[in-house]
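**Student:** Next up is a structure, given as structure tokens.
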Amino acid sequence: MTTPPLTVAVAGRSAAVTVNPTPQRERLWRQRRPANTTSLPMLQQRPRLPPPLPPPISIMPIRPDAENEAGYRDEMGSINGEEGTSRPGDVLRLMDALRLPVEADLYASLLKECAEQSDDAAGAAGAAQVHDHMRRNAGGLLRGTGGTILMNRLLLAYAAAGEVERALEVLEGMPNRDSISWVTMIAGLSAAGDHTGALRLFREMLREWRLGGGGVTVILSVTTVLRCCGSTRDLKLGKCVHGLLLKNGASGCSTLGSSLIRLYGLLGRADDAERVFRSMRARDWAVGAAAMTVACCKMGMIGTALDLFGEMRKAGRRTKGHLFSSIFRACARAGADLPGRQVHACAVKTGVEGREAVRNSLVEMYGRCGLLLDERRVLEIMPEKEQ
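FYI, the numbering for the sequence shown is -11 to 375, going by the working numbering.
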């Protein structure tokens, strides 16, 4: 038997050479090697890593050309960071396709999105889709306090979109209505211009609920109702609301007091407006003085309005832009250019001259007083889009 070749490393290289061992070494080599063992061939090259796997196949469709880009926006949401056009109905259809239950939080989130839509038609369509899905699949969620909260969200979505008829249907079908339900519906009718309907609903609300304290819902409902009374010139109902506030101890609120002053000023009831102003707390004097100044301007009492304005300036109270606008319009109607110039100087010092409403009232005042040069100066500082 031939002696197997031995591998010898020389200067970093390996080579196979034939060595003649002694008989004793050959015998030991045969004893250590099993009979069925075969020699492994030498590696001819280094092992290599397997090739990488191919990329996964994407299920997203490729971006279409410019002609079909509008359809791509509808299907895929957004392109290049722009806002998508997915609707609440798409989310609900996806949940139904995946057979996942829709919780109350998801309904509330979708209704909030509908209420915040800038497009009334889109908001109304989204609210209708959510409402239909709730009637078909969310019967258990509409029971109890949680159901009332969810229905209030639906009311707000319809009212914000101007769908007051649908909102009224929802309100009539609610088994449990709280103060927020009534306030939302009253505000929605008032915003839609149906002041008579808002007042009628307020009377119905009083038959079910008692006004107590000065909570947020009371303030919102009463301020809306007083605004409706001014729009419909319903002094009798306004006085009834005032008496109701006095009876329940809620007339001390600055917001309600200023709303009453605006109502009486709009209807020309100077004595009632002054009585409300005098009854306000000392810490609410600035709010009441601002409302009283605007009311005096509407009633043509320019002297009283200027006196109150001067007291506010001396007390260091902040005067807002709408206050200047009311005084300028009152000066324009009375033809009082001298006090108007003085108030104009105060507007420049306060930094409200650049506001659009203030500039428009300045142009009206100088134009009616025949001060064309001053009117031209105000027009020169106005942007072109406002002229």
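Glycine included, each C-beta is placed from N, C-alpha and C at the ideal position.
As the structure is a prediction and not an experimental result, all values here were calculated from the model.
Which residues bound the alpha helix (DSSP H) around residue 330?
**Tutor:** Residue 330 -> alpha helix (DSSP H) spans 325 to 338.
**Student:** Taking residue 313 as the reference, which of 349, 246, 211, 301 has the closest Cα?
**Tutor:** Closest by alpha carbon: 349.
**Student:** Looking only at C-alpha atoms, which of 106, 213, 317 sits nearest to residue 192?
**Tutor:** The shortest Cα separation from residue 192 among 106, 213, 317 belongs to 213.
**Student:** If you check the beta carbons only, do residue 158 and residue 208 fall under 8 Å apart?
**Tutor:** Not a contact, by the Cβ cut-off of 8 Å.
**Student:** Does the distance from the CB of residue 176 to the CB of residue 152 come in under 8 Å?
**Tutor:** The answer is yes: Cβ separation under 8 Å.
**Student:** Comparing the C-beta of residue 299 with each C-beta of chain C, is any distance below 8 Å?
**Tutor:** Among the protein chains of the structure shown there is no chain C, as only one such chain exists.
**Student:** What is the rounded straight-line gap between the Cα of residue 242 and the Cα of residue 272?
**Tutor:** Each residue's alpha carbon lies about 6 Å from the other.
**Student:** Counting C-beta neighbours from all protein chains within 10 Å, is the total for residue 164 16 or more, i.e. buried, or is it exposed?
**Tutor:** Under this definition residue 164 is an exposed residue.
**Student:** What residue from 131, 130, 104, 129 has the CA that sits closest to residue 147's CA?
**Tutor:** Comparing Cα positions, the closest option is 104.
**Student:** Nearest by alpha-carbon distance to residue 115: which of 144, 89, 362 is it?
**Tutor:** Closest option to residue 115, Cα to Cα, is 144.
**Student:** So what's residue 288 in DSSP terms, helix, strand or just coil?
**Tutor:** Residue 288 falls in the coil class under three-state DSSP.
**Student:** Beta carbon of residue 205, beta carbon of residue 247: below 8 Å?
**Tutor:** Going by C-beta atoms, residue 205 is not nearer than 8 Å to residue 247.
**Student:** So the alpha helix (DSSP H) residue 152 belongs to, where does it begin and stop?
**Tutor:** 152 to 161 is the span of the alpha helix (DSSP H), which, as asked, contains residue 152.
**Student:** Would you mind reading off the limits of the alpha helix (DSSP H) that contains residue 195?
**Tutor:** Taken as a continuous stretch (DSSP letters only), the alpha helix (DSSP H) holding residue 195 covers 183 to 196.
**Student:** Go through its chain and collect everything with a Cβ distance to residue 155's Cβ below 7 Å, but skip five positions before and after it.
**Tutor:** Contacts found: 143, 146, 147, 173, 176.
**Student:** DSSP state of residue 306, grouped into three classes?
**Tutor:** Note: residue 306 maps to coil in three-state DSSP.
**Student:** Could you pull out every residue in the same chain whose Cβ sits closer than 8 Å to the Cβ of residue 345, ignoring the five residues on either side in sequence?
**Tutor:** 309, 310, 313, listed in sequence order.
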